[in-house]
Amino acid sequence: MEDNHHFNAGTGSNLTVAGTVECDASIMNSAEDFGAIGATSGIKNPIKAAYRILLGSQETDPHGRIPPMLVSGNTPSDLAVDPSEMITSKARSEWERWKTVIQTEQQPYGVTNDNIVQDTVGAILCTVDGEVAAGVSSGGILLKPTGRIGEAACFGAGCWASGARDSLNAVACSISGAGEMIMRAFLAKELAESVRRPDCDAHEEIERTLNKFIDMCARRGSDHANAGVILIVAEHHEDGVVRPRLWCGFTTQSFAVAYATSMDSPPKAVILRRPNRESDKSGLYITSLPLS
């Protein structure tokens, strides 16, 4: 997905106020090992660099140093490309257009438009043994300050994964949306932990957590309560079989999801749209997608 210029991740990402690409990405596994990069330029596939940080966090340093979970700025040169290769003509055109608007009309910071690429990408997986993982990758908001790091690089915000333990199910989730608000809410961790109990109603818990997020945004006077989540729960049954359930929820008008299983091909893709009903005051759409 980072190679597809239609997404706001890797090549084709939104440009900073300085006209450069700076990417964030993170990845997490069942053991809660985590790796992330932030505000990184010239990395064609940021998630690969984040995965390298994750692997490094599993190693013991002979000198007793604690390995990092998040690295910003420069990353390994073997993953690097010329930063200009990641700037598409569409991204440059949008940057020029909106920078001119802000400079000439003194618009408030925070550009929003249906034609602007805002699609952070995320992925989650569950194996037949119930192992889970989650990742997220983003180019951030258009015209962001140089050096800004968003939720895609922050522990507990952009993605979360945790394996089964005690009586709790394994779970993985990935988040996109208004980064600063998502970071304040630790939204990925909050959502994942809310659905781990075998006896919980996942729909109710996702609804409760997203409504809590919306309320938090309102208390802070923000009208950017935008969030979309994909979440998988690996339900461990008494017969030893792991049955995954895929959920998604969002507060925006639409949300694109693609999914596949080893038992069913080809992959399925759907663009979900929130019904425009006067009776629906919550502004949420939550559903479970069939995996078999």
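No gaps in the numbering here: position 95 of the sequence shown is 79 in my numbering, and each next residue is one more.
Cβ coordinates follow ideal geometry from the N, Cα and C atoms, glycine included.
Below 8 Å on the Cβ atoms is my guess for LEU215 versus LEU171; work out the distance and round it to an integer in Å.
Counting from one through the sequence shown, the residue named residue 215 turns up at place 231. Counting from one through the sequence shown, the residue named residue 171 turns up at place 187. About 11 Å separates the two Cβ atoms, so there is no contact after all.
Got a sec? Which residues, its chain only, sit under 8 Å from LEU275 by beta carbon, not counting five neighbours each side?
Reading the sequence shown from its first residue, position 291 is the one you call residue 275. PRO228, ARG229, LEU230, TYR243, THR245, ASP248, listed in sequence order.
Considering only residues of the same chain and omitting the five flanking positions on each side of ARG149, which have a CB-CB separation below 8 Å?
Position 165 of the sequence shown, counting from 1, holds the residue named residue 149. So the list is empty, once near-sequence residues are dropped.
In chain order, what residues of the same chain have a beta carbon less than 8 Å from the beta carbon of ASP98, not counting five sequence neighbours either side?
By 1-based counting over the sequence shown, the position of residue 98 is 114. Residue placement at ASP98 is poorly supported in this model, since its pLDDT is 49, which falls under 50; the coordinates are not used for a value here.
Provide the residue span of the beta strand (DSSP E) that contains LEU54, from first to last.
Here residue 54 refers to the residue found at position 70 when the sequence shown is read from its first residue. Note, LEU54: beta strand (DSSP E), 54 to 56.
Which of the three DSSP states, helix, strand or coil, is assigned to ASP199?
Here the question's residue 199 lines up with position 215 in the sequence shown. Helix at ASP199.
Which value, in whole angstroms, describes the spacing of the CA atoms of ILE159 and GLY212?
As a first step, residue 159 is located in the sequence shown; it is residue number 175 there, counting from the start. As a first step, residue 212 is located in the sequence shown; it is residue number 228 there, counting from the start. Rounded to whole angstroms, ILE159 to GLY212 spans 6 Å at the Cα level.
Rounded to whole angstroms, what is the Cα-Cα separation between GLY124 and THR193?
Along the sequence shown, read from residue 1 onward, the residue named residue 124 stands at position 140. Along the sequence shown, read from residue 1 onward, the residue named residue 193 stands at position 209. Going from the Cα of GLY124 to the Cα of THR193 covers about 24 Å.
Can you find the residues in the same chain that come closer than 6 Å, C-beta to C-beta, to SER178, ignoring five residues on each side of it along the sequence?
Locating residue 178 in the sequence shown gives position 194, counting from the first residue. Excluding sequence neighbours, SER178 sits near GLU189, THR193.
Pair every Cβ in the segment 36 to 55 with every Cβ in the segment 64 to 76, then say whether three or more of these pairs are closer than 8 Å.
Too few Cβ pairs lie closer than 8 Å, so no.
In or out: GLU6 buried (at least 16 other Cβ within 10 Å) or exposed?
Taking the first residue of the sequence shown as position 1, residue 6 is located at position 22. Buried, since its Cβ has 16 or more Cβ neighbours within 10 Å.
As a quick exercise: from ALA186, GLY19, GLU164, pick the residue whose alpha carbon is nearest that of ASN153.
Position 169 of the sequence shown, counted from the start, is the residue given in the question as residue 153. Considering only alpha carbons, the answer is ALA186.
Per DSSP, which one or two residues make a beta bridge with GLY106?
Start at 1 with the first residue of the sequence shown, and residue 106 comes out as number 122. For GLY106, which the question treats as bridged, DSSP gives the partners VAL120.
Ignore the nearest five residues each way along the sequence and tell me which others in LYS173's own chain have a CB closer than 6 Å to its CB.
Indexing the sequence shown from 1 puts residue 173 at position 189. If we look at LYS173 and ignore the five residues flanking it on each side, its Cβ neighbours are GLY140, TRP144.
Kindly indicate which residue of GLU219, THR24, MET165 has the alpha-carbon position closest to the one of ARG204.
In the sequence shown, the residue the question calls residue 204 occupies position 220. Checking every option, the nearest Cα to that of ARG204 belongs to MET165.
When the Cα atoms are used, what is the spatial distance from GLY142 to ILE133?
Position 158 of the sequence shown, counted from the start, is the residue given in the question as residue 142. Position 149 of the sequence shown, counted from the start, is the residue given in the question as residue 133. Roughly 11 Å separates the two Cα atoms.
Report the three-state DSSP secondary structure of VAL1 (helix, strand or coil).
The residue labelled residue 1 in the question sits at position 17 within the sequence shown. In this structure, VAL1 counts as coil in the three-state DSSP scheme.
Where ASN29 and ALA107 are concerned, what is the direct C-alpha to C-alpha distance, given to the nearest angstrom?
As a first step, residue 29 must be located in the sequence shown, where it is residue number 45. As a first step, residue 107 must be located in the sequence shown, where it is residue number 123. Taking the straight line joining both Cα atoms gives about 14 Å.
Going by DSSP, name the residue or residues bridged to TYR269.
Residue 269 sits at position 285 when you count from the first residue of the sequence shown. Beta-bridge pairing links TYR269 to PHE234.
Assuming THR130 contacts THR0 under a Cβ cut-off of 8 Å, what Cβ separation, rounded to an integer in Å, is found between them?
Counting from 1 along the sequence shown, the entry for residue 130 is found at position 146. Counting from 1 along the sequence shown, the entry for residue 0 is found at position 16. Between THR0 and THR130 the Cβ distance is about 5 Å, and since that is below 8 Å, they are a contact.
Looking only at C-alpha atoms, which of PHE239, ASP199, SER41 sits nearest to ARG258?
Position 274 of the sequence shown holds residue 258. Nearest of PHE239, ASP199, SER41 to ARG258, Cα basis: PHE239.
In chain order, what residues of the same chain have a beta carbon less than 6 Å from the beta carbon of GLU(-14), not counting five sequence neighbours either side?
Residue mapping note: residue -14 aligns to position 2 of the sequence shown, counting from 1. ALA(-7), GLY(-6), ASN29, SER121, listed in sequence order.
Which whole-angstrom value describes the C-beta separation of ALA253 and CYS110, a residue pair presumed to lie in contact below a C-beta threshold of 8 Å?
Counting from one through the sequence shown, the residue named residue 253 turns up at place 269. Counting from one through the sequence shown, the residue named residue 110 turns up at place 126. That belief does not hold up - the Cβ atoms of ALA253 and CYS110 are roughly 19 Å apart, past 8 Å.
If the criterion is Cβ atoms closer than 9 Å, does the pair ASP8 and GLY(-4) meet it?
The count along the sequence shown starts at 1 and reaches residue 8 at position 24. The count along the sequence shown starts at 1 and reaches residue -4 at position 12. The answer is no: Cβ separation not under 9 Å.
Quick check on the burial criterion: 16 or more other C-beta atoms within 10 angstroms. Buried or exposed for GLU16?
Your numbering for residue 16 matches position 32 in the sequence shown. Counting every other CB atom within 10 Å of its CB across the protein chains shown gives GLU16 a total below 16, marking it as exposed.
Thinking just about the alpha-carbon of each residue, which of GLY147, ARG36, GLN42, ALA202 is nearest to the one in HIS220?
Counted from its first residue, the sequence shown places residue 220 at position 236. Out of GLY147, ARG36, GLN42, ALA202, GLY147 has the C-alpha closest to the C-alpha of HIS220.
With DSSP as the reference, please indicate the residues paired to TRP144 in a beta bridge.
In the sequence shown, residue 144 corresponds to position 160, counting from 1. Paired residue(s): CYS157.
In chain order, what residues of the same chain lie with their CB nearer than 8 Å to the CB of GLN237, ignoring the 5 residues before and after it?
Translated into positions along the sequence shown, residue 237 becomes position 253. Excluding sequence neighbours, GLN237 sits near ARG257, ARG258.
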